[in-house]
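Residue numbers (the working numbering), protein chains in the order written: chain F, 398 to 1273; chain W, 2 to 120. Glycine included, C-beta positions come from ideal geometry on N, C-alpha and C. Keep in mind it's a predicted model, so treat the numbers as computed, not measured. In what follows, a structure is listed as structure tokens, so that the remarks can point back to it.
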Ligand code: SRM
Ligand SMILES: Cc1cc2nc3c(=O)[nH]c(=O)nc-3n(C[C@H](O)[C@H](O)[C@H](O)COP(=O)(O)OP(=O)(O)OC[C@H]3O[C@@H](n4cnc5c(N)ncnc54)[C@H](O)[C@@H]3O)c2cc1C
Ligand code: SF4
Ligand code: FES
């Protein structure tokens, strides 16, 4: 055979295209982490990944489940877009894996009829998937003890968003509820029932609450807190029966340890939540003859591999070395270990820190390390303040040199320092009791933490990792570090410690974290905004003289121009500010690559009359401009010479157009869909609202451009959730979403408040936008601003909806001033010869057009001819 | 200064140029950007932005970088020394700088200065 050179290539190509396939069963927290890690660490280069999830939605933050009542399911999502960005990963939801055939290496999947529609038409679709690697991440299921009557209407478990939806629905008609189980999850569930307005009881068989984590003294301290919040606690009792007909009416309780037939007590309840522990969902493994641990959980080795080398198990369904872990951090660690194993790495899982810290109904509770002093010779140091409801216990080694564990109730502020001391074996100070005395009586907690100390247990991030992120990777804030290392992104209990580490580091290297705008100002945009407001400055010169150095630049000048424009209603080309404006603002048009400009008249909501359309056409034709429909539902006219702009705008203004602010860091467009006026699905007048909002906020100068959208129903044809503010009509009013954008880093807007009246919607939007204008950084879109705010979207909601800072009226008044002071920039410019003076080609030859501008014709319209680039270094 | 201006073209009254702003002028067929800085000094550079080829430098923002008076191009924001035309962001790039004089309140632009000459 003649050598063509292809022989070598073909086998390689074939070799490369033989990709392996990983099937992940379960898209919960751990399954999701597995996929993320697989993508990040390059496993997807060689493997296709199919994820089969039983729940109707993508993975969400189960740890934060209780906050669902406040924020809705979207806020919990770990994958807000509902799919992975990576085309090699396919996520199939609403699908239950019913069988694993290890010999054939296939799984069988049933999509339940509820997912596809009518039961008769679709009796559940069955599909079979091949795998090379199977990863079981099926989690755990709540354990429901075999109590009589447990199947009655009104009985629930607490695990999924659907569970919470059902509990909420049942609570509407109920007055009281009981949670069976006084552990960590039971107290969370009780918290939920309190939030739903039910008279709430907790029933616990052990003699104290949270028996796994707390000792008796801590448990009774916790009871006092919990009771103060209106929850009735019954400890040391067992549930004998759930009473009622088809629906629950109450719970019959008997003292633990007494015989059947002993006296009982009945607690009235229409809602019962079982929270008596969890059981690993290991049925698939059992049925395909994989070994499970004696107390449940798929038995796996240190690489999380089962006896079958093709099958792994991770998360709550797994039992590495026989132990299952009911926390998310060990699950995350297992996910990383399997990715590592598939990349032939050395990672192993050898056990996990079972420390817990939580805020239950506003009470701090923490338990870590050897909380029960099980170590030989261990000593206990306790501090209890019954009045304040504080209990703290330290468990130290026999010789008093090492901290082994502890329990904190009522004040867990020391947790961030103490827990890493346990894992690092740091030597205790001479008077260890100082560590638990109230702040102020001891030397405090300013103890050096060793670099190996694990700071974030959820994501296994050490102090050294954080320091590395700060010193080597340029992180300057908690938000940066969170992105870089994931520390703080799960339960959040380590955030305060992370913040301290960052601040200590900067203090130790003598660096003041420079958030200054540029070399001329040490202040941030937000600080400058306040300075300008407080002093009432109107001129850049005064501001730079008092608070800056030098003569400013293209960063600080436009930023100050924007601040001045937000606070006053003076024209941006007024003498004091004209020279501060960025080039586009300076000529009220967008500069193009050849030095010409584009013209974008405002077309509010995208609605336009035929007459106005004709005017745009005529102007474009008469001036020979290139026309294009923009992505913002309006029309852009390109190729205008600077000196033509006034005449073009004269025609447009006379026809009733005004500036579209395409050039400004200001409101661009509020995109609309056709809405209830025409669309057969629309439930509100989305065009009307979009126009009203566009007219209300037009001209508002802001840290970055602002875009809005209004859709007439949930089909969302206006892509409102891709905007800084998006409004979606509901049967009852409007849902308001904030923080969306397209661009380089797309973000979906998230729900700020739902079912609003138009008046409430407008006042929330006024507040939201003004709060953003006041506090965001330069060129920070709303999404990044929200992300960097301490408290994120919740913080925004507190300020905007709950008015927690009492700023609501002030923010609304500022917006009212803006709305009242609005004038069309182009109309005002045309009326002022001083402002028009800048629109000349050459000061000494105003009638000569710039000779370097030339056009050719393409598809019947002009296109710029690139100006000849001057060779570098050679003077023109 | 070693160069003797051979011809000076009057372009505009100095007051026409905004403080910390610029105007474009046509001098012997070339576009020249004339700036006035904070302290009233007047500078002239070629108006052509070497990075885009567009004749736009007079529309840039005038300010300072360290002690250097600069204009930043409105196109891609590189800063140019008003005195010499040197680009502060790319040592290989320089725009022409012109002799300039204010006579009786009128700005006159002269000829291109050889590279390396200060104002
Ligand atoms: C004309 C238009 C493209 C088109 O032909 O459709 C356009 C053109 C420009 N866009 Fe855009 N964008 C246009 C719609 C969009 C959209 C789509 C939309 O609004 O639905 C997006 C994504 C959505 C978004 O912004 O969230 C978009 C994302 C950007 C970005 C990235 C923003 C980000 O946050 O990442 C920039 C850069 C920036 O602003 O810093 C940008 C910047 C620009 C600039 C201003 C760049 C510049 O400085 O020269 C372009 C000049 C506009 C001009 O000369 O008139 N344009 N741009 C669209 C004008 C819309 C309008 O009517 O005002
Ligand atoms: C209210 C609440 C509060 C919690 N608080 C904390 C806390 O503060 N700290 C902490 O560390 N942990 C906490 N946890 C526990 C934490 O949520 C779990 O450890 C974590 O979710 C385990 O992740 P996983 O992926 O293993 O399981 P899951 O998140 O449960 O995911 C498993 C997924 O697999 C799906 N699945 C199961 N079988 C199949 C099948 N056959 N086919 C397809 N899909 C299937 C399930 O529907 C589920 O979506 C809390 C849990 C709850 C419920
Ligand atoms: S979002 Fe709804 S109302 Fe608007 S056009 Fe689409 S389907 Fe119609
Ligand atoms: S410890 Fe939970 S997020 Fe860091």
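If you measure between the beta carbons of residue i and residue j, is that distance less than 9 Å?
{"i": "residue 642 of chain F", "j": "residue 549 of chain F", "result": "yes"}
{"i": "residue 1119 of chain F", "j": "residue 1146 of chain F", "result": "yes"}
{"i": "residue 818 of chain F", "j": "residue 800 of chain F", "result": "yes"}
{"i": "residue 988 of chain F", "j": "residue 57 of chain W", "result": "yes"}
{"i": "residue 490 of chain F", "j": "residue 454 of chain F", "result": "yes"}
{"i": "residue 49 of chain W", "j": "residue 110 of chain W", "result": "no"}
{"i": "residue 1171 of chain F", "j": "residue 1227 of chain F", "result": "no"}
{"i": "residue 995 of chain F", "j": "residue 1033 of chain F", "result": "yes"}
{"i": "residue 632 of chain F", "j": "residue 620 of chain F", "result": "yes"}
{"i": "residue 669 of chain F", "j": "residue 736 of chain F", "result": "no"}
{"i": "residue 596 of chain F", "j": "residue 551 of chain F", "result": "no"}
{"i": "residue 850 of chain F", "j": "residue 823 of chain F", "result": "yes"}
{"i": "residue 721 of chain F", "j": "residue 683 of chain F", "result": "no"}
Can you tell me which residues form a DSSP beta bridge with residue i?
{"i": "residue 552 of chain F", "result": "F/669"}
{"i": "residue 13 of chain W", "result": "W/108"}
{"i": "residue 702 of chain F", "result": "F/709"}
{"i": "residue 1234 of chain F", "result": "Per DSSP, none; premise fails for residue 1234 of chain F."}
{"i": "residue 995 of chain F", "result": "F/987 and F/1035"}
{"i": "residue 47 of chain W", "result": "W/33"}
Residues of chain W with CB under 8 Å from residue i, in chain order?
{"i": "residue 976 of chain F", "result": "19, 20, 21, 22, 62 and 63"}
{"i": "residue 1043 of chain F", "result": "Per Cβ cutoff of 8 Å: no residues; residue 1043 of chain F is ~16 Å from chain W at best."}
How big is the Cα-Cα spacing for residue i and residue j?
{"i": "residue 483 of chain F", "j": "residue 534 of chain F", "result": "20 Å"}
{"i": "residue 102 of chain W", "j": "residue 85 of chain W", "result": "15 Å"}
{"i": "residue 1121 of chain F", "j": "residue 1088 of chain F", "result": "16 Å"}
{"i": "residue 946 of chain F", "j": "residue 582 of chain F", "result": "57 Å"}
{"i": "residue 1190 of chain F", "j": "residue 661 of chain F", "result": "48 Å"}
{"i": "residue 1075 of chain F", "j": "residue 1047 of chain F", "result": "34 Å"}
{"i": "residue 837 of chain F", "j": "residue 795 of chain F", "result": "Because residue 837 of chain F sits at a pLDDT of 39, beneath the cut-off of 50, its placement in the model cannot be relied upon, and the following sentence gives the value as read from the coordinates. Near 28 Å, if we compare the C-alpha coordinates of residue 795 of chain F and residue 837 of chain F."}
{"i": "residue 514 of chain F", "j": "residue 507 of chain F", "result": "Confidence at residue 514 of chain F is low in this model, with a pLDDT of 43, below 50, so the placement of that residue should be treated as unreliable; the coordinate-derived value is given next. Whole-angstrom Cα-Cα distance: 14 Å."}
{"i": "residue 656 of chain F", "j": "residue 686 of chain F", "result": "40 Å"}
{"i": "residue 536 of chain F", "j": "residue 702 of chain F", "result": "16 Å"}
{"i": "residue 1099 of chain F", "j": "residue 914 of chain F", "result": "16 Å"}
{"i": "residue 1059 of chain F", "j": "residue 999 of chain F", "result": "9 Å"}
{"i": "residue 875 of chain F", "j": "residue 896 of chain F", "result": "6 Å"}
{"i": "residue 827 of chain F", "j": "residue 768 of chain F", "result": "21 Å"}
Taking Cβ positions only, does residue i come closer than 9 Å to chain F?
{"i": "residue 9 of chain W", "result": "no"}
{"i": "residue 66 of chain W", "result": "yes"}
{"i": "residue 45 of chain W", "result": "no"}
{"i": "residue 12 of chain W", "result": "yes"}
{"i": "residue 57 of chain W", "result": "yes"}
{"i": "residue 30 of chain W", "result": "yes"}
{"i": "residue 102 of chain W", "result": "no"}
{"i": "residue 54 of chain W", "result": "yes"}
{"i": "residue 42 of chain W", "result": "no"}
Anything in chain F within Cβ reach of residue i, meaning under 7 Å, just list it in chain order.
{"i": "residue 39 of chain W", "result": "948"}
{"i": "residue 1 of chain W", "result": "In the structure as shown, chain W starts at 2 and stops at 120, and residue 1 of chain W therefore has no counterpart that could be examined."}
{"i": "residue 73 of chain W", "result": "950 and 951"}
Output, in chain order, the set of chain F residues within a Cβ distance shorter than 9 Å of residue i.
{"i": "residue 15 of chain W", "result": "What residue 15 of chain W touches in chain F: nothing, since even the nearest Cβ is about 11 Å away."}
Kindly say whether residue i, judged by its beta-carbon, lies nearer than 9 Å to any beta-carbon of chain W.
{"i": "residue 562 of chain F", "result": "no"}
{"i": "residue 972 of chain F", "result": "yes"}
{"i": "residue 969 of chain F", "result": "no"}
{"i": "residue 917 of chain F", "result": "yes"}
{"i": "residue 954 of chain F", "result": "yes"}
{"i": "residue 1253 of chain F", "result": "no"}
Taking Cβ-Cβ distances shorter than 7 Å, what residues in chain W pair up with residue i?
{"i": "residue 1264 of chain F", "result": "54 and 55"}
{"i": "residue 991 of chain F", "result": "55"}
{"i": "residue 983 of chain F", "result": "60"}
Along chain W, which residues have their Cβ under 9 Å away from the Cβ of residue i?
{"i": "residue 988 of chain F", "result": "55, 57, 60, 75 and 76"}
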